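For reference, the structure discussed in these notes is given below.
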Amino acid sequence: MYMKQTGTVAQHFHKMHGKVRKKGWLFMSTAGLFSIFLIGIASNLDNAGVGIAYGIRKIRISWFNNFIIAFFGFLFTLLAGFFGSWIALFISEFTANLIGAIVLGIIGVFILCQPFLSKKETVDSKDDSVLMGILRDPEKADFDGSKTISFSEAIVLGVALSINNIAGGFDAGVTNLNLWLTAIISGVFSFICISGFAYVGKRYLAEYLGKWATVIAGVLLILIGIDQLL
1 MYMKQTGTVA QHFHKMHGKV RKKGWLFMST AGLFSIFLIG IASNLDNAGV
51 GIAYGIRKIR ISWFNNFIIA FFGFLFTLLA GFFGSWIALF ISEFTANLIG
101 AIVLGIIGVF ILCQPFLSKK ETVDSKDDSV LMGILRDPEK ADFDGSKTIS
151 FSEAIVLGVA LSINNIAGGF DAGVTNLNLW LTAIISGVFS FICISGFAYV
201 GKRYLAEYLG KWATVIAGVL LILIGIDQLL
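Position 208, counted from 1, in the sequence shown is what the UniProt record's numbering calls 208; the numbers after and before it change by one each time, with no gaps.
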């Protein structure tokens, strides 16, 4: 009995060790890098919308507080990736890709439906959670109305925006993408989207991105999921 358990643990160790080697920089394919960048973009399109909205409304975020927001994007992606990687130890490669595709597809469809759901829920907006309220109206993250996002406000905003990173991180883990690179790319895109788009926060850009950011994010997640099954 002991030998059987030891053999099972050893098999899991060798399986994990093999997957870690595949995740190395030298073993990463162009398709894998492309998937990582798509996950980073799809996970942070809302951050771009927040950056533009803050640029228009002249709400300032310091470099340090923007780093805090990006850190949460990195952390959520990494933790979800570890969970997905752990699940991948016990299932076949095809099943792992299938689960990753299904998760991305479900999240993508949910994101696509958000604009329609938000219209129906405007009447009950008083019952919304703080995080959902911030996602619908980023200005609500400025709790004291100071036109500056403080450290504590950056933490709340970072958690709210990083919810989108969970699906991408889980998919990266279950499909054996490089978890650290995926998390770093997600964090970097988060930082760039908020700071960069705040500088170009013109009204026509805000209206355009506000209408299409969620649609683009949802479509990207669905396309990544479909690509994994091909």
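Where is the CB? At the ideal position from N, CA and C, for every residue including glycine.
On a predicted model such as this, the values are computed, not experimentally measured, just so you know.
1. Does the distance from the CB of alanine 172 to the CB of glycine 105 come in under 8 Å?
2. Who are the near neighbours of alanine 96 in its chain, counting only those whose CB is closer than 7 Å to its CB and skipping five residues on each side?
3. Can you tell me whether cysteine 193 is buried or exposed? The criterion is at least 16 other CB atoms within 10 Å of its CB, across all chains shown.
4. Can you tell which of Ile52, Glu93, Cys113 has its C-alpha closest to the C-alpha of valine 219?
5. Kindly indicate the opening and closing residues of the alpha helix (DSSP H) around leucine 89.
6. By the three-class DSSP mapping on this structure, what secondary structure does isoleucine 163 have?
7. Using beta-carbon positions only, say whether asparagine 65 and alanine 154 come within less than 8 Å of one another.
8. Drop a sphere of 10 angstroms on the beta-carbon of serine 35, count the other beta-carbons inside from all chains shown, and report buried for 16 or more, exposed for fewer.
9. Suppose you measure from the CA of leucine 179 to the CA of glycine 169; what does that come to, to the nearest Å?
10. Taking the straight line between their C-alpha atoms, what separation do you get for glycine 100 and asparagine 164?
11. Cutting at 6 Å between CB atoms, please list the residues of its own chain near tyrosine 54, excluding the five before and the five after it.
12. Can you find the residues in the same chain that come closer than 8 Å, C-beta to C-beta, to lysine 58, ignoring five residues on each side of it along the sequence?
13. What three-state label does DSSP hand threonine 148 in the structure shown?
14. Relative to the C-alpha of asparagine 52, which residue among Phe67, Ile39, Gly196, Ser162 is closest?
15. Assign isoleucine 91 to buried or exposed, taking buried as 16 or more other Cβ atoms, counted over all protein chains shown, within 10 Å of its Cβ.
16. By Cβ distance, which residues of its chain are closer than 6 Å to alanine 183, with the 5 residues on each side in sequence left out?
Reading off the structure:
1. No; because the gap between Cβ atoms is not below 8 Å, this pair is not in contact.
2. Ala88, Val174, Thr175
3. buried
4. Of Ile52, Glu93, Cys113, the residue nearest in Cα terms is Cys113.
5. From DSSP, leucine 89 is part of no alpha helix (DSSP H); its letter is neither H nor E.
6. coil
7. yes
8. Classification for serine 35: buried.
9. Distance between the alpha carbons of leucine 179 and glycine 169 is about 7 Å.
10. A direct Cα-Cα distance of roughly 15 Å separates glycine 100 from asparagine 164.
11. Ala198
12. Lys147
13. DSSP places threonine 148 in strand when its eight states are reduced to three.
14. In the sequence as presented, asparagine is not what sits at residue 52; that position holds isoleucine. If we check each option's Cα against that of isoleucine 52, Gly196 comes out closest.
15. Burial call: exposed.
16. Phe74, Thr77, Leu78
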